[in-house]
Amino acid sequence: VYIRKHPLEIPPPSEKDWLKDDEEDFFLQDPDRKRDALPRPFRMINKLVMLVFENAMEIIERREMLREAQKLKVQPTKCFPTAEFQVTGRANCLAVSGKYIFVGLSVGLSAFKVSDCKEVCAWDAVKTEICAIHALDLGNERHVLLAVDEMGLVWLFCFHKESFILIKILNEVEDISRRSTCVEVVLSPGGDYAGVLLQGNTKAWLEIYRLPKDSWLKEMEKSPGAATGLACRERRSSWTSADIFLLQESPVSANKADAKLSLPVLLLKVKPPKPVTGSSFKSPLDALKKVDDDSMLGLGYNHLIKDSQWEQQEAIFRSTYRDYLEAEGERESKEEIPRHATFHFLLPSWILQVGPEMKVQPGVPAGISVHWDGSHNFCLYLLNRPLKEKVDSDPKPDVVWPCAAPIACSAVSSCSRYLALACEDATITIWDKHLGYPLSVTAILEERLIRSIYFL
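Going by the working numbering, the sequence shown opens with residue 3, and the numbers climb by one from there.
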């Protein structure tokens with residue numbers, strides 16, 4: 003019997019059976035390729051040409067796929083202007099209120115009807131350039147307008163029976179050196195109040211006015227001639243293509259006559275909070291005497307921290323983190339008083355408690371919320387307060403919400419129920435004003451700076 007001494011093994015292939023690199027795909031190649039083989043320099047050119055061709059085909063296929071996907075999407079409707087109207091000078095801004103469009107021009111104001119695209123009235127008594135307009139429908143064919151001109155003056159108008167009636171320039175002063183410029187104007191829902199943020203040479207402040215819209219209606223009904231007896235004149239102008247602005251008719255100008263209406267009443271003059279400095283109180287009892295009501299938090303002025311304690315804390319901080327401060331190239335910066343504020347008109351709610359002696363009307367704002375740039379405090383002021391002969395130049399807020407970080411921006415929903423606060427630490431808090439508690443707190447993990455926030 004024959005017995006194999008060693009186990010069976012697969013013999014190694016011989017070198018002559020190995021496939022060469024050029025012959026691996028020989029069954030896919032042209033049989034006549036060996037006869038048409040290119041020389042070595044031209045093979046590289048051939049490979050580059052084939053590579054460019056393949057990349058081009060990939061790009062074409064990708065674009066075809068994107069074109070097919072774009073066809074499946076809903077295409078937006080393209081809107082084209084149905085008519086045009088001509089204006090005198092240059093159109094800077096516009097506002098829509100009711101059935102009228104108010105346009106701010108380089109020479110005044112104009113009012114157009116939405117229905118027939120006709121100019122019904124123009125105000126050009128002062129020939130001033132209007133840069134911003136805010137308009138609101140008060141009902142009974144009345145509209146209130148706040149217009150800001152190129153010098154920062156705020157013009158208060160009442161538009162009634164297709165006529166402009168100038169009521170007052172809110173920030174007009176006799177001394178030009180004390181003139182202030184308007185930064186922002188806001189009309190409250192319903193037109194009961196108006197807020198104007200002003201800036202002077204070195205300071206800023208917020209003025210809140212009460213608009214006597216009911217008195218305006220009575221005064222117009224008693225003396226209709228004051229509102230309608232305006233000097234009207236036809237104005238002929240040579241129109242150019244640069245003066246065309248979306249509608250078309252020959253204009254009619256109407257300027258204000260001696261129509262006297264009740265003036266707005268200044269309710270509040272809110273100034274930015276002063277920097278918190280060292281305390282001069284000797285005991286906690288002295289600090290408590292300065293607090294009028296213990297039911298709310300203040301702005302932080304009534305404390306017992308001395309200047310020496312803050313200086314000592316600052317020295318400890320700088321000595322501990324000296325290396326980090328030098329690496330960042332820290333610069334000495336003095337704390338400045340903020341010059342810009344964001345404010346909203348608020349309806350009555352749990353967060354803005356109104357006393358029983360104050361009357362609250364549905365749909366009429368009961369207070370305002372104010373926060374200044376760089377401030378941690380969200381301040382709320384009541385509007386239903388008794389009128390004084392001299393307006394308090396620095397009223398205390400009725401409610402103060404201290405935040406963990408400076409407030410960057412805020413927004414109020416269209417229904418006036420929800421309030422959103424965004425801080426500089428990228429934290430967004432949504433408050434339910436009717437219930438008086440926060441609904442959600444969202445922190446953006448990445449280092450982001452929130453500049454604006456809106457409700458959709």
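Positions of the beta carbon are idealized from the N, C-alpha and C atoms, including for glycine.
Beta-carbon proximity of residue i to residue j, cut-off 7 Å
| i | j | result |
| --- | --- | --- |
| SER345 | VAL372 | For the sequence presented, residue 345 should be read as Phe rather than Ser. Against a cut-off of 7 Å, the Cβ pair of VAL372 and PHE345 comes out as a contact. |
| LEU68 | HIS136 | no |
| ASP427 | ALA407 | yes |
| GLU221 | LEU172 | no |
| LYS115 | VAL105 | no |
| CYS119 | ALA93 | no |
| SER99 | HIS145 | yes |
| GLY438 | ILE370 | no |
Other residues of its chain near residue i: CB distance less than 8 Å, five sequence neighbours each side excluded
| i | result |
| --- | --- |
| ASP151 | THR130, GLU131, ILE132, CYS133, TRP157 |
| PRO266 | LEU158, ILE169, LYS170, LEU172, ALA196, TYR211, ARG212, LEU213, PRO214 |
| PRO367 | SER190, PRO191, GLY192, ASP194, TYR195, PHE347, LEU348, LEU349, LEU385 |
| ARG341 | GLN201, LYS205, ALA206, PRO274, ASP375 |
| GLU449 | ALA428 |
| CYS81 | none |
| SER240 | Note that SER240 scores a pLDDT of 33, beneath 50, so its modelled location is shaky and nothing firm can be said. |
| THR79 | none |
Reference residue i; option with closest CA among the options
| i | options | result |
| --- | --- | --- |
| TRP125 | ILE12, ILE353, VAL109, GLU223 | VAL109 |
| LEU147 | SER182, GLY154, VAL185, ALA196 | ALA196 |
| THR431 | ALA422, SER454, VAL366, GLU209 | ALA422 |
| GLN102 | VAL76, LEU140, GLU60, GLN77 | Checking the displayed sequence, the identity of residue 102 turns out to be Tyr instead of Gln. Comparing Cα positions, the closest option is LEU140. |
| HIS162 | VAL128, PRO364, LEU219, LEU107 | LEU219 |
| ASP475 | LEU269, GLU328, PHE44, MET59 | Examination of residue 475 is not possible in this model, given that the chain is present from 3 through 458 alone. |
| PRO214 | GLU176, ALA206, ASP177, CYS160 | CYS160 |
| LEU441 | LEU451, LEU447, ARG419, ILE452 | ARG419 |
For residue i, the three-state DSSP class (helix, strand or coil)
| i | result |
| --- | --- |
| ASN94 | strand |
| LYS215 | helix |
| ASN379 | strand |
| GLN88 | strand |
| ARG144 | strand |
| LYS435 | coil |
| LEU168 | strand |
| GLN250 | Per-residue confidence for GLN250 stands at a pLDDT of 34, beneath the threshold of 50, marking its modelled position as unreliable; no derived number is given. |
| LYS80 | coil |
| TRP312 | helix |
| LEU441 | strand |
| ASP288 | helix |
| PRO275 | coil |
| SER2 | An answer regarding residue 2 cannot be provided, because it is not within the stretch 3 to 458 covered by the chain. |
| TYR326 | helix |
| ALA410 | strand |
| SER468 | Nothing can be reported for residue 468: it is not among the residues displayed for the chain, which extend from 3 to 458. |
| ALA134 | strand |
| PRO404 | strand |
| LEU421 | strand |
| LYS163 | coil |
| ILE47 | helix |
| GLU121 | strand |
| PHE283 | coil |
| VAL54 | helix |
| LEU155 | coil |
| ALA71 | helix |
Close beta carbons around residue i, own chain, < 6 Å, minus the five adjacent residues each side
| i | result |
| --- | --- |
| THR183 | GLY154, GLN201 |
| SER412 | THR344, LEU423 |
| SER351 | LYS435, HIS436 |
| LEU149 | A small correction: the amino acid at residue 149 is Ala; Leu does not occupy that position in the sequence shown. ILE132, ILE135, TRP157, listed in sequence order. |
| VAL443 | THR431 |
| CYS405 | HIS378, CYS425 |
| SER454 | CYS411 |
| SER415 | PHE457 |
| TRP403 | PHE380 |
Neighbourhood of residue i by C-beta distance below 7 Å, restricted to the same chain and skipping five residues each side
| i | result |
| --- | --- |
| ILE307 | GLY280, SER281 |
| PRO275 | LEU301, TRP374, SER377, ASN379 |
| LEU208 | GLY197, LEU199, VAL272, ALA343, PHE345, VAL372 |
| ALA97 | PHE104, ILE135, HIS136, ALA137 |
Residue i: CB within 6 Å of a non-hydrogen atom of the ligand FMN
| i | result |
| --- | --- |
| ALA368 | With respect to the ligand FMN, the structure offers nothing, as it holds no ligand at all. |
Residue-level contact to chain D via CB, residue i, 7 Å cutoff
| i | result |
| --- | --- |
| ALA445 | Within the model displayed, chain D is absent; a lone protein chain is all it includes. |
8 Å contact criterion, which residue i and residue j should meet: CB distance rounded
| i | j | result |
| --- | --- | --- |
| PRO364 | LEU382 | PRO364 to LEU382, Cβ: 19 Å. No contact. |
| VAL187 | ARG181 | 17 Å between Cβ atoms; not a contact. |
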